[in-house]
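Everything below concerns the one structure shown next.
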Amino acid sequence: MLISQIAQMKPLDGSNYHSWREDIDMITTVGEIDYALRFDKPVEPTVGTPNYDHRWMQYSIDKVKWERSNDKCMIILKRSIKEPLKSSIPECETAKEYLERVASHHQGSSKAYACYLMTEFVNAKYDGNGVRPFIQKVISIVAKIIKYLGSPLHEEFVVFMIMKSLPKEFETFHIQYNTSVTDKWNINQLLAQCVQEEERLKQTGDSVNHIKGNIPRQNKNSKKMFKKQGKQNNQASSSNNNQPRQGGSFSVPPDTCLYCKKTGHYKRKCPEFLQYLLESGKDQVTFCK
């Protein structure tokens, strides 16, 4: 398993330090060979010190454990770095020191990465693939920001930014939180409440999921249906064109749906109209879950 993980790992080329470091930490931790990365090389006890025999025995055990871990980590580190970057890193006796020198080559990229993470956090917007994975993604970004900045973000601020990034369907939910909730939510409470609100919106028909577009489903009768429907539509259109209009032209308020008569969207994006097409088989639509 460890060998396969190393083989699938993308080598460090100078532009992917952070993902490379995460892979190194994961591989060495799961493989239980990170002892030399967490502890310095054991120091031999001086003869005559108190409990010398016990110290010597413990030193011998730690020395063997450390040397095995150090050798394996050095092999993994050097194997996972591309040339000429590997040649620019001075040789070291310990894997811990070698890893620190690799990190020193990427101090500038660490600051740029922290700036990139902060931009991602501030500009995060709901992508339509579910509230739970979206909030978990934001939480992951926040955890990385805390790691690279070395200082925590106030949880209330994180909750506010997540609320701000939710779609307009959650506007009432947001207002109720600001006006009626006396205790401030933590991130876990926010996640649970948002998932519950998403389920409520689905049950009432106000789905927060996006519509991807007209992706036809694999149906052997789809071509026949399309042709038949197109012929009927053409006939209906031609017959309507031949009939004179009564009452002259009519005006429609802007941003009004001709199907449900509600404002805020057009007929082609009306959830009720799309649901009608889906149930009647007159069109093929796919709802993201």
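Residue numbers (the working numbering): 1153 to 1441. Beta carbons are placed, not taken as given, at the ideal position from N, Cα and C, and that holds for glycine.
Practice task
Spatial neighbours of Ala1266 within its chain, please: CB distance less than 8 angstroms, with the 5 preceding and 5 following residues excluded, ordered by chain position.
Solution key: Ile1297, Tyr1300, Leu1301
Handout entry: Close-in-space but distant-in-sequence residues of the same chain around His1170 (CB under 6 angstroms, 5 per side omitted)
Key = Tyr1265
Practice task
Measure the Cβ-Cβ separation of Pro1242 and Arg1231 and say whether it is below 8 angstroms.
Solution key: no
Handout entry: Cβ-based neighbour list, Phe1425, same chain, cut-off 8 angstroms, excluding 5 preceding and 5 following
Key = Cys1409, Tyr1411, Cys1412, Lys1419
Exercise for the section: Answer yes if the stretch 1195-1215 comes into contact with the stretch 1165-1182, meaning at least three C-beta pairs across the two stretches below 8 angstroms, and no otherwise. Expected result: no
Exercise for the section: Give a yes or no on contact between the stretch 1183-1192 and the stretch 1161-1170, applying the rule of three or more CB pairs nearer than 8 angstroms. Expected result: no
Exercise for the section: Decide if Glu1350 is buried, meaning its Cβ has at least 16 other Cβ atoms within 10 Å, or exposed. Expected result: buried
Exercise for the section: For Thr1408, write down the residues that DSSP places opposite it in a beta bridge. Expected result: Thr1415
Problem - Distance CB(Leu1342)-CB(Val1311) smaller than 8 angstroms - result: yes
Exercise for the section: Express the C-alpha separation of Gly1416 and Asp1279 in angstroms, rounding to a whole number. Expected result: 20 angstroms
Exercise for the section: Measure the alpha-carbon distance for Pro1202 versus Glu1196 and round it to whole angstroms. Expected result: 14 angstroms
Practice task
Look at the Cβ atom of Tyr1211, then the Cβ atom of Leu1229, and state whether they are nearer than 8 angstroms.
Solution key: no
Problem - For Leu1164, three-class secondary structure by DSSP - result: strand
Practice task
State the Cα-Cα distance for the pair Lys1289 and Val1199, rounded to the nearest angstrom.
Solution key: 55 angstroms
Handout entry: As assigned by DSSP and simplified to three states, the class of Arg1220
Key = helix
Practice task
State the start and end residues of the unbroken alpha helix (DSSP H) segment that holds Tyr1278.
Solution key: Counting along the chain, Tyr1278 falls outside any alpha helix (DSSP H), and DSSP gives it neither H nor E.
Exercise for the section: Determine the DSSP secondary structure at Phe1402, reduced to helix, strand or coil. Expected result: Any reading at Phe1402 must be qualified, since the residue scores a pLDDT of 48, below 50, and its modelled position is unreliable; the value itself is stated next. Looking at Phe1402 - three-state DSSP - the assignment turns out to be coil, as it is neither helix nor strand.
Problem - Three-state class that DSSP yields for Ile1327 in the structure shown - result: helix
Problem - Sub-8 angstroms separation of Ile1185 and Lys1224 beta-carbons - result: yes
Handout entry: Cβ-Cβ distance between Asn1281 and Ala1247 below 8 angstroms
Key = no
Exercise for the section: Measure the CB-CB distance between Ala1276 and Ser1317 and report whether it falls below 8 angstroms. Expected result: yes
Handout entry: Whole-Å CB distance - Phe1273 paired with Met1313, under 8 angstroms assumed
Key = 7 angstroms
Practice task
Please say whether Ile1179 and Ile1155 have beta carbons closer to each other than 8 angstroms?
Solution key: no
Problem - Assigned secondary structure, Ile1227 (DSSP; H/G/I helix, E/B strand, else coil) - result: helix
Problem - For Ile1291, the three-state DSSP class (helix, strand or coil) - result: helix
Practice task
Give the straight-line distance between the Cα atoms of Ser1240 and Ile1227, rounded to the nearest whole angstrom.
Solution key: 17 angstroms
Exercise for the section: Quick one: residues in its chain with C-beta nearer than 8 angstroms to the C-beta of Leu1269, no 5 flanking neighbours on either side, listed in chain order? Expected result: Ile1293, Lys1296, Ile1297, Tyr1300
Practice task
Look up Ile1213 in the DSSP assignment and say whether it is helix, strand or coil.
Solution key: helix
Exercise for the section: Compute the distance between the beta-carbons of Pro1319 and Ile1233, then report whether it is under 8 angstroms. Expected result: no
Handout entry: Best match in Ala1255, Thr1324, Tyr1187 for proximity to Ser1332 [C-alpha to C-alpha]
Key = Thr1324
Handout entry: C-beta contact flag for Val1518 and Val1182 at 8 angstroms
Key = The question about residue 1518 has no answer, for the chain in this structure spans 1153 to 1441.
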